[in-house]
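In what follows, a structure is listed as structure tokens, so that the remarks can point back to it.
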Amino acid sequence: MTLVTAHDYAWIRTSPLFRPMMESGYTLTLISGRTPREVLRAMEAEPRGTGEGTAGLIEADDTHRAEVDHAYWDESYVAGAFSTPGENGDWTLVLGFDGGLGIAAPCVEMLSKGGRVVAHSTNGGKPIHLFHWFEDGELRTTFEVPSSRDGSTPDELVPLLREVRLPLTSEGEHDESTPDVDRKAAVLALAERLTGVRVTEALLQDATYELGLVPEQPAEEWTSVVVDITDAHGEHLHKEWSYEEIVTASDRVRAEANAPVVITYNDAPARDRSEHETGE
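Each number in our numbering comes from the position in the sequence shown (counting from 1) with 208 added on.
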């Protein structure tokens, strides 16, 4: 296992490739023990030949976007996949300029059966940076903010998170006494710790990608809404509302808005009171 830290990925902030990736939104996924063709097939991607380097991938994605109906938001995209050596054999690297949507969870769970999948993404705009680690079909650790983790083993990576220089205590809480670092660089370092794959600008730019058009995913029915916020001081707010709670609250507000307005007076009108007092 390499001893890489966030410092080794400082190049992403000046990279003419990675900076636009973060601005427009991307997902980079590493899958052990699967070929690029197997991965694209699992993603139900329509084969689109090959592309030389990120230039070929971007050209294919731009061509697809020019073909779709711009009257609505289409979330299909062209993904590129290639094989690269890592820990315990070859890994498939999948790159998509997908706005940070990521590969659908059921697909990733299936691809990680008997192996490992590590993914990180950024949605562009006001960015949300996500990290996911799947092992043998199970989401082990996921987070946006390192001090607020989820998954079946949310604390297992705490030692590695600290080693790549993320500001955490040994218990996995935010450590205000530790100097902050470039968290995206630290996440790339974490991905390398888990896969043995060193992602470089040259690796992404020079690879020959197997291309596939990933279809738009059907919208999932939602059962709850979660607000999970950590402010600049590390204060954490986590609140979940169920679908039923939201519907009940919405019905109550609607009923109150549609109710007739009733005006009542606690005192007699000013004129009547004046006449009574003067005896007129």
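Idealized CB from N, CA, C, for every residue including glycine. In this text the structure is predicted, and so the values were computed from the model without any measurement.
Contact check, residue i vs residue j, beta carbons under 8 Å
i    : j    : result
G297 : S240 : yes
E317 : F342 : yes
R401 : V212 : yes
G332 : E231 : yes
V325 : L238 : yes
A214 : D390 : yes
E260 : T416 : yes
Same chain only: Cβ atoms within 6 Å of residue i, ignoring 5 sequence neighbours per side
i    : result
P375 : D383, T386, D388
E488 : With a pLDDT of 49 at E488, under the threshold of 50, the modelled position of that residue is not reliable, and the figure given next carries that caveat. Closer than 6 Å at the Cβ level, and outside the excluded window around E488, lies no residue.
R227 : none
G294 : T403, G404, V405
T350 : H340, D358, G359
Y217 : A393, L396, A397
L365 : T349
P362 : T349
Nearest-angstrom Cβ-Cβ length linking residue i and residue j, presumed shorter than 8 Å
i    : j    : result
G308 : G233 : 4 Å
G310 : T235 : 5 Å
L248 : E418 : 6 Å
A268 : L319 : Incorrect: roughly 22 Å between the Cβ atoms, too far for contact.
S360 : E346 : 5 Å
L412 : L225 : 6 Å
Chain-order list of residues whose beta-carbon lies under 7 Å from that of residue i (same chain, five-residue window excluded)
i    : result
T243 : S291, T300
E352 : I336, H337, L338
D414 : G261
Contact set for residue i: own chain, Cβ-Cβ below 8 Å, skip 5 residues either direction
i    : result
E424 : D282, E283, S284
M229 : F305, T330
Contact with chain D by residue i, beta-carbon distance below 8 Å
i    : result
A250 : Reference to chain D is not applicable here, since this structure consists of a single protein chain.
Original post:
If we count Cβ pairs, one from each stretch, closer than 8 Å, do we get three or more for the segment 335-352 versus the segment 252-261?
Top reply: no
Subject >> Three-pair Cβ contact test at 8 Å for the segment 390-404 versus the segment 362-380 >> reply: yes
Original post:
Where are the alpha helix (DSSP H) runs, 4 residues long or more, that stay fully inside the segment 298-353, in chain order?
Top reply: 313-319
Original post:
Which runs of the alpha helix (DSSP H) spanning at least 4 residues fall entirely within the segment 214-251, listed in chain order?
Top reply: Runs of the alpha helix (DSSP H) lying entirely within the segment 214-251 and spanning at least 4 residues, in chain order: 226-232, 244-250.
Original post:
Curious, which full-length beta strand (DSSP E) runs of at least 3 residues does the segment 385-432 contain?
Top reply: 416-422
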